[in-house]
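Chains as they are written, first to last, in my numbering: chain S, 1 to 199; chain R, 1 to 364.
By construction, the Cβ of each residue, glycine as well, lies at the ideal position given by its N, Cα and C atoms.
Values in this document were obtained by computation on a predicted structure and should not be read as measured data.
Written below as structure tokens is the structure these notes are about.
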């Protein structure tokens, strides 16, 4: 039998459950870690133990961090008048990579879906409404995916915030930077045409 | 003007066809052979070169050849008004995948390459059965004019499924309903306008057409308004009744398609079986003419067992019209004599079956 010993097999199986990894790549990763025990396996296991003990959701916005408030909410340099609403932390990280937005975030943790029994209360929407009030937000930017569920959630949030008089905006939809029209689908071209601007 | 034609079709483990490659030209394709030989399977494969579940509405997992059940694959080389395209679609048990010119593509992309229109024997009762079949027939006609119709229908369906779940669970959150209804109204208005526009194009194509088939007046019987704001309001107003029923009672998903035999002024449902069939053929041909004008080429026509129900005169007239249109029509029938009037003007394929495997022979 060429199977690895059971402890290592168990590690491979766990690794294979991670997004982006399959059984084959998990085997390669584990083998590499074992070969580089000092440089990879040891530091990785220590880092994982540490994160497992300290990782938590920010009580304010739902971002992940290691203390009660995430680094963004705790940063006094971030503007308080603008809240950018995203579906999950990966979207927040994507926004942060652009380094353009200087306000704060609110991570919903998903989108409204009656079929999956995900309602407003499961999505930190009541918390968003509270924040818009207490932080005296001037603008709430909805950076949600252009899917039916994403747009339904956007409509819902806009309705909830209507009474507060806060400006609710959503990201523009259209031609990506560096994109060629020929490769765009009809829906994107229609959205881009509707959102055209003067030069 | 370049037409639309499948120039090469390859099937692998597709129903009764284990491995089959055939070459075709722009001419009609007459397929004959005994019952159960795999003639309809052949044109079903062509129907899957358009988005959706094809002419048998089969799930991707039902199509694989038994007993191997390895999954299936269709490959096609196509001449289209926008140039040559290579299309592959397959399933290995899961949902079907699509590649266009070697690149993965969504199913909707197929609608932009090939417009496909079909007539199958189960549609013979279209005018007398439930509205669902007529709605599907209507939407397939619309899809041939407006490939974006599929996306609007899908968006509407998705939002409606969510709303129906809220109704079933007796949820009372007005904001949640409102958000879903806004999506439904936006997609619903697009669906309604695409349907009306398709019907008016078909009406125009019937006017003044030289044809042996009777004209039909088609009309939409809508349940609820068709304009976006009015539709959103109607959904909101309808919530109490919908909550009671546990589903959405108005909207484009309830629309029916009506038809009248123009010359007699009689509803299609009251016409004889033969007349109903003739009306359907007439509509398919009118649609093909309209699509030809619109897209620069007639659609692929798939006519399953169409010859059997027509007398000799009508049969010859149908073939003449197809040839005049320049459409690549794939037609099935049990015997070669059904296609005699097409002699010299069509490719002829003889399909037989032995040991559960279909064999296709070009006998042109």
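As the crow flies, the alpha-carbon of residue 167 (chain S) is around 12 angstroms from that of residue 159 (chain S).
One thing to note: residue 107 (chain R) has its Cβ no nearer than 8 angstroms to the Cβ of residue 148 (chain S).
Bounds of the beta strand (DSSP E) holding residue 74 (chain R) are 72-80. When C-beta distances to chain S are compared with 7 angstroms, every residue of the segment 79-107 of chain R stays at or above that value. The beta carbon of residue 242 (chain R) sits no closer than 8 angstroms to any beta carbon of chain S. Under the 8 angstroms criterion on CB atoms, residue 103 (chain S) is classed as non-interfacial with respect to chain R. Between residue 362 (chain R) and residue 119 (chain R), the gap from beta carbon to beta carbon reaches 8 angstroms or more. Following the DSSP letters along the chain, one finds residue 334 (chain R) in no alpha helix (DSSP H), marked with neither H nor E. Collapsing the DSSP output to three states places residue 115 (chain R) in coil.
Look at residue 23 (chain S): its C-beta is not under 8 angstroms from any C-beta on chain R.
The beta carbons of residue 98 (chain R) and residue 300 (chain R) sit no closer together than 8 angstroms.
Per the C-alpha coordinates, the member of R:28, R:27, R:177, R:54 positioned closest to residue 90 (chain R) is R:54. Within the same chain, 192 come within 6 angstroms of residue 226 (chain R) by CB-CB distance, once the 5 residues on both sides are set aside. Counting only runs of 4 or more residues that sit fully inside the segment 120-151 of chain S, the alpha helix (DSSP H) segments are 125-134, in chain order. Listed as beta-bridge partners of residue 261 (chain R) by DSSP are R:216, R:266. Contact annotation: residue 288 (chain R) and residue 298 (chain R) have beta-carbon atoms nearer than 8 angstroms.
Residue 249 (chain R): not part of any beta strand (DSSP E); DSSP gives it neither H nor E. DSSP places residue 22 (chain R) inside the beta strand (DSSP E), whose first and last residues are 17-23. In the DSSP secondary-structure assignment, residue 5 (chain R) is bridged to R:79. Secondary structure within the segment 26-69 of chain R: the alpha helix (DSSP H) runs of 4 or more consecutive residues, fully enclosed, are 39-47 (chain order). Bridge pairing for residue 99 (chain R): R:88, R:104 [DSSP]. Straight across, the Cα-Cα distance linking residue 234 (chain R) with residue 176 (chain R) is about 16 angstroms. Contact between residue 21 (chain S) and residue 33 (chain S) fails: their C-beta atoms lie close to 13 angstroms from each other, not under 8 angstroms.
Taking 8 angstroms as the upper bound for CB-CB distance, residue 112 (chain R) and residue 147 (chain R) are in contact here, some 5 angstroms apart. Residue 331 (chain R) is a Cβ neighbour of residue 31 (chain R), given a cutoff of 8 angstroms. In terms of CA proximity to residue 239 (chain R), R:250 leads the group R:230, R:250, R:37.
Contact annotation for residue 179 (chain R) against chain S: 112, 151, 152, 153, 154, 155, 156, 157, 158, 159 [CB-CB distance below 9 angstroms, chain order].
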